[in-house]
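Protein chains: 2
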Amino acid sequence: MRIRRLLLPYINIFGFVAMVSLFGMARFAVAADPLGSWNEGAAKQSILEFVERVTREGSPAFVPSAERVAVFDNDGTLWPEAPLPFQAAFVFDELRRRAPLEPELADDPFVQAALQGDLSKLLAGKNHDGLMHVIGVTHAGMTTDEFDQRVNDWLATAKHPRFEKPYSELTYQPMQELLVYLRLKGFKTFIVSGGGADFMRVWSERVYGIPPENVVGSMWQARFELRDGLPVLVKTMDHLFVDDKEGKPVGIHQFIGRRPIACFGNSDGDQAMLEYTTIGNPRASFGLIVHHTDAEREYAYDANPQSSGKLTTALTRADECGWTVVDMKVDWQKIWSDPAGAPSEGVALSLVGKWLAEDIDSAGVIDLAQSTLEFSADGAVSGSSAVNRFQGQAKVDHNSCTFGPLAMTRRAGPPALMDQESKFMAALQRVVQYRIAETGLLFLIDAEGTDVLRFSKMEN
Amino acid sequence: MRIRRLLLPYINIFGFVAMVSLFGMARFAVAADPLGSWNEGAAKQSILEFVERVTREGSPAFVPSAERVAVFDNDGTLWPEAPLPFQAAFVFDELRRRAPLEPELADDPFVQAALQGDLSKLLAGKNHDGLMHVIGVTHAGMTTDEFDQRVNDWLATAKHPRFEKPYSELTYQPMQELLVYLRLKGFKTFIVSGGGADFMRVWSERVYGIPPENVVGSMWQARFELRDGLPVLVKTMDHLFVDDKEGKPVGIHQFIGRRPIACFGNSDGDQAMLEYTTIGNPRASFGLIVHHTDAEREYAYDANPQSSGKLTTALTRADECGWTVVDMKVDWQKIWSDPAGAPSEGVALSLVGKWLAEDIDSAGVIDLAQSTLEFSADGAVSGSSAVNRFQGQAKVDHNSCTFGPLAMTRRAGPPALMDQESKFMAALQRVVQYRIAETGLLFLIDAEGTDVLRFSKMEN
Numbered sequence: 001m002r003i004r005r006l007l008l009p010y011i012n013i014f015g016f017v018a019m020v021s022l023f024g025m026a027r028f029a030v031a032a033d034p035l036g037s038w039n040e041g042a043a044k045q046s047i048l049e050f051v052e053r054v055t056r057e058g059s060p061a062f063v064p065s066a067e068r069v070a071v072f073d074n075d076g077t078l079w080p081e082a083p084l085p086f087q088a089a090f091v092f093d094e095l096r097r098r099a100p101l102e103p104e105l106a107d108d109p110f111v112q113a114a115l116q117g118d119l120s121k122l123l124a125g126k127n128h129d130g131l132m133h134v135i136g137v138t139h140a141g142m143t144t145d146e147f148d149q150r151v152n153d154w155l156a157t158a159k160h161p162r163f164e165k166p167y168s169e170l171t172y173q174p175m176q177e178l179l180v181y182l183r184l185k186g187f188k189t190f191i192v193s194g195g196g197a198d199f200m201r202v203w204s205e206r207v208y209g210i211p212p213e214n215v216v217g218s219m220w221q222a223r224f225e226l227r228d229g230l231p232v233l234v235k236t237m238d239h240l241f242v243d244d245k246e247g248k249p250v251g252i253h254q255f256i257g258r259r260p261i262a263c264f265g266n267s268d269g270d271q272a273m274l275e276y277t278t279i280g281n282p283r284a285s286f287g288l289i290v291h292h293t294d295a296e297r298e299y300a301y302d303a304n305p306q307s308s309g310k311l312t313t314a315l316t317r318a319d320e321c322g323w324t325v326v327d328m329k330v331d332w333q334k335i336w337s338d339p340a341g342a343p344s345e346g347v348a349l350s351l352v353g354k355w356l357a358e359d360i361d362s363a364g365v366i367d368l369a370q371s372t373l374e375f376s377a378d379g380a381v382s383g384s385s386a387v388n389r390f391q392g393q394a395k396v397d398h399n400s401c402t403f404g405p406l407a408m409t410r411r412a413g414p415p416a417l418m419d420q421e422s423k424f425m426a427a428l429q430r431v432v433q434y435r436i437a438e439t440g441l442l443f444l445i446d447a448e449g450t451d452v453l454r455f456s457k458m459e460n
Numbered sequence: 001m002r003i004r005r006l007l008l009p010y011i012n013i014f015g016f017v018a019m020v021s022l023f024g025m026a027r028f029a030v031a032a033d034p035l036g037s038w039n040e041g042a043a044k045q046s047i048l049e050f051v052e053r054v055t056r057e058g059s060p061a062f063v064p065s066a067e068r069v070a071v072f073d074n075d076g077t078l079w080p081e082a083p084l085p086f087q088a089a090f091v092f093d094e095l096r097r098r099a100p101l102e103p104e105l106a107d108d109p110f111v112q113a114a115l116q117g118d119l120s121k122l123l124a125g126k127n128h129d130g131l132m133h134v135i136g137v138t139h140a141g142m143t144t145d146e147f148d149q150r151v152n153d154w155l156a157t158a159k160h161p162r163f164e165k166p167y168s169e170l171t172y173q174p175m176q177e178l179l180v181y182l183r184l185k186g187f188k189t190f191i192v193s194g195g196g197a198d199f200m201r202v203w204s205e206r207v208y209g210i211p212p213e214n215v216v217g218s219m220w221q222a223r224f225e226l227r228d229g230l231p232v233l234v235k236t237m238d239h240l241f242v243d244d245k246e247g248k249p250v251g252i253h254q255f256i257g258r259r260p261i262a263c264f265g266n267s268d269g270d271q272a273m274l275e276y277t278t279i280g281n282p283r284a285s286f287g288l289i290v291h292h293t294d295a296e297r298e299y300a301y302d303a304n305p306q307s308s309g310k311l312t313t314a315l316t317r318a319d320e321c322g323w324t325v326v327d328m329k330v331d332w333q334k335i336w337s338d339p340a341g342a343p344s345e346g347v348a349l350s351l352v353g354k355w356l357a358e359d360i361d362s363a364g365v366i367d368l369a370q371s372t373l374e375f376s377a378d379g380a381v382s383g384s385s386a387v388n389r390f391q392g393q394a395k396v397d398h399n400s401c402t403f404g405p406l407a408m409t410r411r412a413g414p415p416a417l418m419d420q421e422s423k424f425m426a427a428l429q430r431v432v433q434y435r436i437a438e439t440g441l442l443f444l445i446d447a448e449g450t451d452v453l454r455f456s457k458m459e460n
């Protein structure tokens, strides 16, 4: 255990005792709630207890970090899937956008059916040939770069019909907090979705902090070509892999190669991967189903969804399998996430975590004295000036960042450290903006646009 | 920039000047060679220069860590592929092991051909039906857990016919150093191999430090089943994906979803992924071909390999594409890696890196004073006692670990820090063993078996 032996000599030997305030000596127990948007209850408690069991050193159920694989369904689990899965909205919007530009689409009966909203024609037949055809028209026959661009263009303009926001701003705040919390606890977070891998990888890192290589989804094959000497990958309709139902554990095996210990879903399509994660797993494991029960704030459905997301057999199995069932209306204090950079009561996900000061007012820092700053998702900040600890609130909105009053302990320390402390705290109060550089360094900036503090991210 | 301001007050104000030795004040420039098994030359230099260009803050070619994807072929690039690819040796050894136990194999003409070494029968036909069949017999029709067990059993007993060592101990030390070096520099390292993903994932983390989710390889599909209520994945021969030649960039796209900036291969099978990595890439990029030129220490081949690994067109393209060509005989000072835990002049890969002391002789450490210890792959150690820096050599052999004489700077510091320094250095000299716990903590142990030092791994 670490002990604070450094300060004692100064207090006892060098006569700083008089400087030690009689007040404020207790160190704050800084423990901001990592799941602040979850109401207290059995669901939240089951998550916290599981994570504690598998991550606490010495716990009989301890799982090494390398094996802490957590898999998340996307549609209905991290964002909605009503009135249509968002990727289906992309298909229809793309056909509408392209029809006037590509006259040959007028001769395509399935495209015309889609444009006229004739879903029965698209869904006819065992293999839903019409639907697969229009998905192919919008997802194949172009290079991967062209496809990425189309998805980005669509996301920048399309809005959800009911909530009237860009689709990528309609993620669930409680699940975003859960993703951050698990990663802070050494988990690797993966998406395992029936949606298209290529579709999700365009925005998964920006929206969920999940990099492309951690996205497992449905896919057709691509084909490698050199065009005028330049390599391209052309999206084809060969060799479909459907990452849904029994395909999900298969996808997990093929793409991750390691059995998860935590699985989060919302429909019967997630049942097989919930079973694969939690039944007969030699490791401690956890399963959770998001039950959509909140027609007012989002949607309420299980056996009869508007389109995808049917939840019947998986719900029946939840009890015997020990899966946590989230009652969205009861368990979630807040539904919608504030996307990074948008106005927020909390802070951007990229800021969350502990930062080490590397520079204060361009004068460096003392090598052995750590001045730190930690942001929680709910806007709480805490840290250490090297001698004392402080806590308070940050207000983050787009790129602006300001700190409210910071409460501090009042220990005394050697002069060099006290000097650094006063400069550090004064600099924090001057901050009005932040930016995170490509290198991952955090810069806090004053009203003149000067970098007053530079931080590097600390390990968790 | 960090500056050492803490010590000055003590030296100047508190009268410790007399304690400052007149000798040894210079701080060591500790820069152990990260590629110690590479001879100096253009190949080594090109690697170091590329890594510096893309990782140095402020460099015009800087690439953020999230996008530093490096892909490695396996057979012939990280370990040999002669006289046969090692996975083919597994196939033949498995057939020999199973034939006496499974009489039905006696009726299988292709199995009999394999047992009799009749390669022409196996390779006949456009699709090499015989070979695919015996691969299927040894790779499908069993659960993934059963397959993993068979690969592990084989690795534990099989030996390479020429080098008479277990196959997984025949990796190339220069490439192992390169993997570690790139990861220390913020790269994500992936295997992209024509070999089977399931075959490699059994040992990739242990042998290369590459976790299963970073292994892309050839694969058939698996099938999810509940057997007596327990989930299993059964390996099938459906839906073959061949991760070779033009399949490699496809595999990179499907499994990683991000274009690499560095690619390492050794044969024409790697040409497409070298092209995909280096031609028209908006990021700075790097390609390298290992040319097998050392018949004495390993093998010498290009156009006419013993089995796989033909290198003709990729070698022709290397010059115009700016790919580095490694001349194994000239560029590699050492060929074979010392597997972790085996007798070694260097140290186990798991030790390499920088460690922070958390406990010294069960008495904790001073919160603000970092005592560190850094192992290089070649056995060099360096570190800081909080006040002074030291360097020297470690000797690591299986679980034993001892330190030679450690040269130190001789600054003076506050009494509490000097006290910690003397305890830290004395503890190091008592160490005879080490172990790395499941939690990732490093324990250094004395001759009585007592943990005298505990370290946590520091970020790079």
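Read top to bottom, the protein sequences are chains A and B. One point on numbering: in the UniProt record's numbering, the residue at position 199 of the first sequence is 199, and numbering is uninterrupted. One point on numbering: in the UniProt record's numbering, the residue at position 185 of the second sequence is 185, and numbering is uninterrupted. No residue lacks a Cβ here, since even glycine has one placed at the ideal position from N, Cα and C. Keep in mind the model is a prediction, meaning the values are calculated, not measured.
Cutoff 8 Å: residue i Cβ touching any chain A Cβ
| i | result |
| --- | --- |
| residue 27(B) | With a pLDDT of 31 at residue 27(B), under the threshold of 50, the modelled position of this residue cannot be trusted, and the question is left open. |
| residue 463(B) | A query on residue 463(B) cannot be resolved here, the shown segment of chain B reaching from 1 to 460 and no further. |
| residue 275(B) | yes |
| residue 256(B) | yes |
| residue 253(B) | yes |
| residue 233(B) | yes |
| residue 315(B) | no |
| residue 201(B) | yes |
| residue 440(B) | yes |
CB contact flag (residue i, residue j, <8 Å)
| i | j | result |
| --- | --- | --- |
| residue 455(B) | residue 336(B) | no |
| residue 417(B) | residue 387(B) | yes |
| residue 158(B) | residue 93(B) | yes |
| residue 284(B) | residue 63(B) | yes |
| residue 412(A) | residue 391(A) | no |
| residue 384(B) | residue 370(B) | yes |
| residue 76(A) | residue 247(A) | no |
Classification of residue i by the beta-carbon crowding that lies within 10 angstroms, buried from 16 upward
| i | result |
| --- | --- |
| residue 312(B) | exposed |
| residue 126(A) | exposed |
| residue 182(A) | buried |
| residue 193(A) | buried |
| residue 422(A) | exposed |
| residue 382(A) | buried |
Neighbour flag for residue i against chain B, beta carbons, 8 Å
| i | result |
| --- | --- |
| residue 299(A) | no |
| residue 279(A) | yes |
| residue 60(A) | no |
| residue 49(A) | no |
| residue 427(A) | no |
| residue 337(A) | no |
Where the beta strand (DSSP E) through residue i begins and ends
| i | result |
| --- | --- |
| residue 357(A) | 353-360 |
| residue 384(A) | 380-384 |
| residue 452(A) | 451-457 |
| residue 157(A) | It is not in any beta strand (DSSP E) - residue 157(A) instead sits in the alpha helix (DSSP H) that spans 144-157. |
| residue 188(A) | 188-196 |
Near the ligand PLP: residue i beta-carbon under 7 Å from a heavy atom
| i | result |
| --- | --- |
| residue 376(B) | No copy of the ligand PLP occurs in the structure displayed, which carries no ligand at all. |
Span of the alpha helix (DSSP H), counted from its first residue to its last, around residue i
| i | result |
| --- | --- |
| residue 320(A) | 313-321 |
| residue 288(A) | Not the alpha helix (DSSP H): residue 288(A) falls in the beta strand (DSSP E), residues 286-293. |
| residue 182(A) | 173-184 |
| residue 395(B) | First-last for residue 395(B): 389-397, but that is the beta strand (DSSP E), not the alpha helix (DSSP H). |
| residue 135(B) | 129-139 |
Inset, instruction - Ignoring anything shorter than 4 residues or poking outside the stretch 48-115 of chain A, list the alpha helix (DSSP H) runs there in chain order. - result: 86-98 and 109-115
Legend entry - Unbroken stretches of the alpha helix (DSSP H), 4 residues or longer, contained in the stretch 214-252 of chain A: 247-251
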